[in-house]
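> In the numbering used here, the protein residues as written are 3 to 1051. For each residue, glycine too, the CB sits at the ideal point set by N, CA and C. The structure displayed is predicted, hence computed values, not measured ones. I'd like to ask some things about the structure below.
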């Protein structure tokens, strides 16, 4: 079946780069070793370099197509071996171990699901490597026979009883939900049933006609859109919670005789003592940075020349075409012919040599000292389809009874639910104002209502129906946004007059440099890079702000801009708010520019006086191309020969005087500002044309979601969490937010784990002491950093992947979101432990709070709202404190609408907004029971859930173009099936509204045969001075006539 074909990975997509073993299979030594392997079932290969291990096993698999078991030391080594096999084009499966095994906390269901997925694929296992750990082998699995019973194939065209299918899902522990976004969930929407099976990478959307399946397709659980139609699949009815109770093991799935290779010394004695494989056969490539140090570089060139002269096979693994081109250029310039060197584009981690066969395999790790992060490998597949962020409207449509909302015309109120009015089928949104006054709004006018977001923790006072406060607040906000828009546009106009330096278009070095980037850029990142380059190529001095969360790729935008500036013959400055962050940026630039003749310098407290003098001299005479530093760079003694670009990281953390200082000094210099405080997309869109901004809101691919664990404060949990992280070579943040008791907590941790290296950091320490603590942690000299929340969030420490937050109940959701974001910035699985007092788990009145914590733990709606609160703070930073008051007064969404309108009005681009364009067609009515009139509404039979219908009406009201409307149609058809006639008429009304608004028409009405169109409060007439007439009888034909009339005005 189709799904079975996806059991194994065989290469990285670039098939012509798959390594060819035929030449090496003929080598007598390798054949001899292959035969030698059959003499013993257990082999230790831990003395071989890691890449040589995967090479040896891959060559064996290539020749014999037999199963083998590969036991790694830990999860990190598992991933390294898998990546090696993938580079050599060989199949594998990964059986993960269950983390965490801490007492009193829940097991990560994702890992249980991954073990189940691997177990199912083992049922058909015939050739390839199973990569796992001793711990994973020791953990139980269900029996193979039971798994076979619990899996049902389904195909397009099959006839199944839907009710029985749903019963079986519930019996298997699946949860019926409104929207499927996690494994173990299903939902029913009319003719659509969505299922996210425990053993699947992607959720499955099934479409039915009665009890017959008419379509199967995978969909993205974030966007809820389908992306891959399939002919057949499986539904797993095994209850994930039963996996740990299984009585079988991995060996029950394997052949009785299977070759086992230990990539590490066994902890548990094996049935046969593993024999050491001959370790002298393969040698590690010389370690070190051959490029940065000239002597090492010369040694590399000498060694490479010697290999070529002695007719060795030299193979260099590169990440992409750009890196290959650059390396060939460097070698050719050194007089080394690259014709006899083979280049393969595949991300091998490290090289090795095989002297007996005259084979040398190199990677950029050996040549440039660049050790790349691994990709996440889940059965050799990557979840690239998930790397999209839900739209802001999706996040806020799940209104709950009692939520504070804003009615456009009446003000701040409470959402009390959706009601069906007595005697009719009309659905109304019930709103409660001050003194319990009620207002009922037809559901098709839900666009008039938005969630209140004020950016403060204090709840606003409800407005009075018919009161004047709301009118005054709206008028004050209108004046404030007009003043703000004028200020922004004035600054923009002033910069338009100034003439700076126009950088040239990208040259071949720029293209090679960018192509050598070892990660995949996100669409947002590429857009930000392109916008930055366009600014730099313009004569107008650049003043662009790049906004985005930590780890979303802002620094890469800055690096490419700096490279472009240097290629254009200019110097660049990279300004950071702290010494630690400056040093981290310096290290990043040094590594990225290693292949090029670029001189990078650091100017901060860490630098010796002699080095500082040398740097100042180099900046003045132009021998230094880019300098990284703190506010020291703003001193008057820092002079530049030819400065062209300044990049300012975390610009919001610099004082007002410092900002004014650099704005005055660098008036004609291109300025690129980076901010890790995210801003809302609605504000970004509202300010289009008034402020040069780029928004990066898509997380990079190949990152695990952070596993968040809520539990009682228990020293066993703490010890096990720290031990597990240290055992896999990582580091731990321990957050304790009370300085008075932090030393006591340090003593307790040291008593639990006496051998660990622990540092303390808090706000009462001297600045240089705190920086030294952070520097030790970044360099990996500290195992555990015990700190208050003072530790800065801008640092990127990929090796720190566990954070323990003591008394998490004392933090708001927004704070927890930021704290949690300090981990999970690498390919390692990250953990956030939220520890609460034990009595909160006992007291009845605290259960709701704990349940809320657990609900928010998986980055669901709660954390998304928290993120939005952070974004509002970002908006305050960007717009100023006075504007924050207006945001609180009228709510953020309305504020953005007013700002956008003010900017467009000043620019002379004002048009009627959709919400101000009213469409009233007397031959269509928005509710059932209207006699002979045609209906234009969303029937209950099409969307059963009221929240879905509420969201749907708002979606339609907010569609700004026919293209957006088409996207909505596709989305509805995908999620809810083919729509009935009333929905088709509803789409027609929206289409008319969009066309009319684009022509400045604010009112479209029909009255019998008359068509009344109004623009600027005046009716539009034909040349004969009459209303346009509708002569058709059928609603569909009338709609076509209305569209034609709109095109004439």
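Note down the Cα distance separating residue 346 from residue 234, rounded to an integer number of angstroms.
Residue mapping note: residue 346 aligns to position 344 of the chain shown, counting from 1. Residue mapping note: residue 234 aligns to position 232 of the chain shown, counting from 1. Between residue 346 and residue 234, the C-alpha separation is close to 36 Å.
> Please specify which runs of the beta strand (DSSP E), each continuous and at least 3 residues long, are wholly inside the region 36-103, giving them in chain order.
44-46, 69-74, 94-96
> Compare the C-alpha of residue 1037 against each of 806, 941, 937 and name the closest.
Residue 1037 sits at position 1035 when you count from the first residue of the chain shown. Out of 806, 941, 937, 937 has the C-alpha closest to the C-alpha of residue 1037.
> Evaluate the contact criterion for the region 536-556 versus the region 598-610: three or more CB pairs, one atom per stretch, below 8 Å.
no
> For the structure I just gave you, are there three or more beta carbon pairs, one from the region 523-530 and one from the region 469-486, closer than 8 Å?
no
> Could you give the first and the last residue of the continuous alpha helix (DSSP H) run that contains residue 836?
Against the chain shown, residue 836 aligns to sequence position 834. Segment 833-838 is the beta strand (DSSP E) holding residue 836; no alpha helix (DSSP H) there.
> Since residue 776 and residue 549 should fall inside the 8 Å C-beta cutoff, what is the C-beta to C-beta distance between them, to a whole number of angstroms?
As a first step, residue 776 is located in the chain shown; it is residue number 774 there, counting from the start. As a first step, residue 549 is located in the chain shown; it is residue number 547 there, counting from the start. With a contact defined as Cβ atoms closer than 8 Å, residue 776 and residue 549 miss out at about 24 Å.
> Assuming residue 601 and residue 626 form a contact by the criterion Cβ under 8 Å, report the distance between their Cβ atoms to the nearest whole angstrom.
Locating residue 601 in the chain shown gives position 599, where the first residue counts as 1. Locating residue 626 in the chain shown gives position 624, where the first residue counts as 1. Confirmed, Cβ separation roughly 5 Å.
> The alpha helix (DSSP H) spanning residue 978 covers which residue range?
Counting from one through the chain shown, the residue named residue 978 turns up at place 976. Taken as a continuous stretch (DSSP letters only), the alpha helix (DSSP H) holding residue 978 covers 964-978.
> Apply the 10 Å Cβ neighbour rule to residue 135 and answer buried if 16 or more other Cβ atoms are within range, or exposed otherwise.
One-based indexing of the chain shown puts residue 135 at position 133. Looking at its Cβ environment, which holds 16 or more other Cβ atoms inside 10 Å, residue 135 is buried.
> Report the three-state DSSP secondary structure of residue 1024 (helix, strand or coil).
Working through the chain shown from its first residue, we reach residue 1024 at position 1022. Correct three-state label for residue 1024: coil.
> Please report the distance separating the alpha-carbon of residue 862 from that of residue 568.
Reading the chain shown from its first residue, position 860 is the one you call residue 862. Reading the chain shown from its first residue, position 566 is the one you call residue 568. At residue 862 the pLDDT is 42, less than 50, meaning the model places this residue with poor confidence; the figure from the coordinates comes in the next sentence. Approximately 43 Å, taken between the alpha carbons.
> Between which two residues does the alpha helix (DSSP H) containing residue 1117 stretch?
Beyond the ends of the chain as shown, which are 3 and 1051, falls residue 1117; an answer cannot be given.
> Over the uninterrupted alpha helix (DSSP H) stretch that includes residue 563, give me the two end residues.
Translated into positions along the chain shown, residue 563 becomes position 561. Here the alpha helix (DSSP H) through residue 563 covers 556-569.
> Quick one, are the C-beta atoms of residue 86 and residue 56 less than 8 Å apart?
Position 84 of the chain shown, counted from the start, is the residue given in the question as residue 86. Position 54 of the chain shown, counted from the start, is the residue given in the question as residue 56. Their beta carbons are under 8 Å apart, which means residue 86 touches residue 56 by this criterion.
> Would you list, in sequence order, the uninterrupted alpha helix (DSSP H) runs of no fewer than 4 residues that lie entirely inside the region 234-264?
none
> Where do the N-terminal and C-terminal ends of the alpha helix (DSSP H) with residue 1047 fall, by residue?
Your numbering for residue 1047 matches position 1045 in the chain shown. Unbroken alpha helix (DSSP H) run through residue 1047: 1037-1050.
> In whole angstroms, what is the alpha-carbon distance linking residue 183 and residue 240?
As a working note, residue 183 is residue 181 in the chain shown. As a working note, residue 240 is residue 238 in the chain shown. Whole-angstrom Cα-Cα distance: 19 Å.
> Considering only C-alpha positions, which residue in the set 501, 88, 223, 207 is nearest to residue 216?
As a first step, residue 216 is located in the chain shown; it is residue number 214 there, counting from the start. Looking at the Cα atoms, 207 is the closest of the given residues.
> Between residue 787 and residue 779, which are expected to be in contact by the criterion C-beta below 8 Å, what is the C-beta distance as a whole number of angstroms?
Your numbering for residue 787 matches position 785 in the chain shown. Your numbering for residue 779 matches position 777 in the chain shown. Rounded to the nearest angstrom, the Cβ distance from residue 787 to residue 779 is 5 Å, consistent with a contact under 8 Å.
> From this set, 781, 530, 612, which residue's C-alpha is nearest residue 697's C-alpha?
Here residue 697 refers to the residue found at position 695 of the chain shown. Of the candidates 781, 530, 612, the residue whose Cα lies closest to the Cα of residue 697 is 530.
> Could you give the first and the last residue of the continuous beta strand (DSSP E) run that contains residue 714?
Your numbering for residue 714 matches position 712 in the chain shown. According to the DSSP assignment, residue 714 belongs to the beta strand (DSSP E) that extends over 709-714.
> Terminal residues of the continuous beta strand (DSSP E) containing residue 228?
Reading the chain shown from its first residue, position 226 is the one you call residue 228. Looking at the DSSP string, the run of the beta strand (DSSP E) that includes residue 228 is 228-232.
> With 16 other CB atoms within 10 Å as the buried threshold, where does residue 223 fall?
Position 221 of the chain shown, counted from the first residue, corresponds to residue 223. Residue 223 comes out buried.
> Report buried or exposed for residue 353, applying the criterion of at least 16 other Cβ atoms within 10 angstroms of its Cβ.
Taking the chain shown and counting its residues from 1, one reaches residue 353 at position 351. Its Cβ being crowded by 16 or more others within 10 Å, residue 353 is buried.
> Hey, is the region 1024-1033 in contact with the region 903-911, meaning 3+ C-beta pairs nearer than 8 Å?
no
> Hey, residue 200 and residue 149 are a contact pair by Cβ (cut 8 Å); roughly how many whole angstroms apart?
Numbered from 1 along the chain shown, position 198 holds the residue referred to as residue 200. Numbered from 1 along the chain shown, position 147 holds the residue referred to as residue 149. The Cβ separation is near 11 Å, so there is no contact.
> Can you have a look at residue 140 and say buried or exposed, based on whether 16 or more other CB atoms are within 10 angstroms of its CB?
As a position in the chain shown, residue 140 is number 138, starting the count at 1. By the neighbour-count rule (16 or more Cβ atoms within 10 Å), residue 140 is not buried but exposed.
> Drop a sphere of 10 angstroms on the beta-carbon of residue 718, count the other beta-carbons inside from all chains shown, and report buried for 16 or more, exposed for fewer.
Numbered from 1 along the chain shown, position 716 holds the residue referred to as residue 718. So residue 718 counts as exposed.
> Could you check which residue in 218, 769, 755, 693 has the C-alpha nearest to that of residue 533?
In the chain shown, residue 533 corresponds to position 531, counting from 1. If we check each option's Cα against that of residue 533, 693 comes out closest.
> Please say whether residue 409 and residue 450 have beta carbons closer to each other than 8 Å?
Reading the chain shown from its first residue, position 448 is the one you call residue 450. Reading the chain shown from its first residue, position 407 is the one you call residue 409. Between residue 450 and residue 409, the CB-CB gap stays under 8 Å.
> Hey, out of 165, 210, 643, whose CA is closest to residue 572's CA?
On the chain shown, residue 572 is found 570 positions in, with the first residue counted as 1. That would be 643, whose Cα lies nearest to the Cα of residue 572.
> Would you mind reading off the limits of the beta strand (DSSP E) that contains residue 209?
Position 207 of the chain shown holds residue 209. Start and end: 206-211.
> Output yes or no for whether 8 Å exceeds the beta carbon distance between residue 639 and residue 676.
Here residue 639 corresponds to residue number 637 of the chain shown, with the count starting at 1. Here residue 676 corresponds to residue number 674 of the chain shown, with the count starting at 1. The answer is no: Cβ separation not under 8 Å.
> When you compare the CB of residue 243 with every CB in chain B, is at least one pair closer than 8 Å?
No chain B is part of this structure, which consists of one protein chain only.
> Residue 446 to residue 429, Cα distance in whole Å?
For this step, residue 446 is matched to residue 444 along the chain shown. For this step, residue 429 is matched to residue 427 along the chain shown. Answer to the nearest angstrom: the Cα atoms are 9 Å apart.
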